[in-house]
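The opening position of the sequence shown corresponds to residue 1 in the UniProt record's numbering, with each subsequent residue numbered one higher.
C-beta: ideal position from N, C-alpha, C; glycine also.
If you're wondering where the values come from, they're calculated on a predicted model, not measured in any experiment.
Here's the structure, in C-alpha cells; my notes come after.
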Amino acid sequence: MFSLIVPVLLLVFTAESYSQQSIVTCGSVLKLVNTDFNARLHSHEVQYGSGSGQQSVTAISDEMDTNSYWQIIERNGSPQCNRGRVIKCGQKIRLMHLATRKNLHSHHFQSPLSSNFEVSAFGDDGVGDEGDDWQVICDGAYWKQSSNIRLKHISTEGYLHLSGKRYSRPISGQYEVSSTPKLTNAITWTAAEGVYIEPVYSENKSSTSTYVHDEF
C-alpha cells in the first residue's frame, strides 16, 4: 500500500511545483517574444536619430543575444517589490533592460518607421519616470510563462507592438517596436528564456530560490 501512495504524492508535488514555477514574478529576468513574428524584445546602446533621441528598442530573431534580457521591477514611484512577488494580471510594472539598466519607455514622439508612438529605453540604473509604467494584460489571476499577454502603456494607453518594419544601418534587419492604441496584430507577447524567481504570495516575504527556463 505504501508503495502505491508514494508515486501519487510525488506526482502531486511535481504538478504543484510546475504550476508554481510557471508564474512570472518580480525580480525575474526574462526575454519577451512577440508571438506573431517570433522575435525577442531587444535594446542596445544605439540612440534614435529622430524623435526623442533616446536609446532605441527593437525586436530580433536571434534567440541567443544577451541584449534581449529584461528584469521585472515595481512601477515608478512604488516601494521596491519583494523578490519573487507574483505578478497579477492587471498589475502595473516596469521592465528594466538588464545590459544598459534603462527602462522600457514610451511617450508621444512618433516612431521612426510606422508613425506610432515611439518606444525607447530611458532612465539611469532603473530610475526613470511615469513613462516607464506598463500594465500586464492577461487572462486569469496571474501572469504565467505559458500565457500570451499584452503590455499596455499607462501614459499613452498604447500597446507594445511590433510593426513588422525593419531598420537599415546601424541596426540592419531589426524590427521596429512601437506602441499603438489599436487592438491590432502583433501586440501579443509571451515569456521565454530567463532566470525566474520562485513565487511568493505574501507581500512581506521574499524568495530565495531561482530556476532557469531555457528553450534550447
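One Cα belongs to Q91, the other to Q135, and the distance between them is close to 6 Å. If you look at K31, you'll find it in the beta strand (DSSP E) that goes 29-34. Contact between the segment 108-127 and the segment 135-150 is not established, with fewer than three Cβ pairs separated by less than 8 Å.
In this chain, the beta strand (DSSP E) harbouring F122 covers 117-122.
For E74, the enclosing beta strand (DSSP E) begins and ends at 70-74.
Two segments are said to touch when three or more pairs of C-beta atoms, one from each, lie closer than 8 Å; by this definition the segment 151-167 touches the segment 97-111. DSSP, reduced to helix, strand and coil, places T58 within a strand of the structure shown. For C81, same chain residues with a beta-carbon under 6 Å away, outside a window of 5 residues either side, are C26, E74 in chain order. In the structure shown, G131 falls within a helical segment according to DSSP collapsed to helix, strand and coil. In the DSSP annotation of this structure, the continuous segment of the beta strand (DSSP E) that includes G164 starts and ends at 159-166. The distance from the Cβ of A186 to that of L162 is about 4 Å, consistent with a contact at the 8 Å cut-off.
Judged by beta-carbon spacing, L160 lies within the 9 Å limit of V119, meaning their Cβ atoms are closer than that value. L183: not part of any beta strand (DSSP E); DSSP gives it neither H nor E. Residue state for T100 is assigned as coil, using DSSP reduced to three classes.
For the 9 Å CB-CB criterion, S146 and S22 form a contact.
Taken through DSSP and simplified to helix, strand or coil, T156 comes out as coil. In this model, V86 and Y69 are separated by some 19 Å (Cα to Cα).
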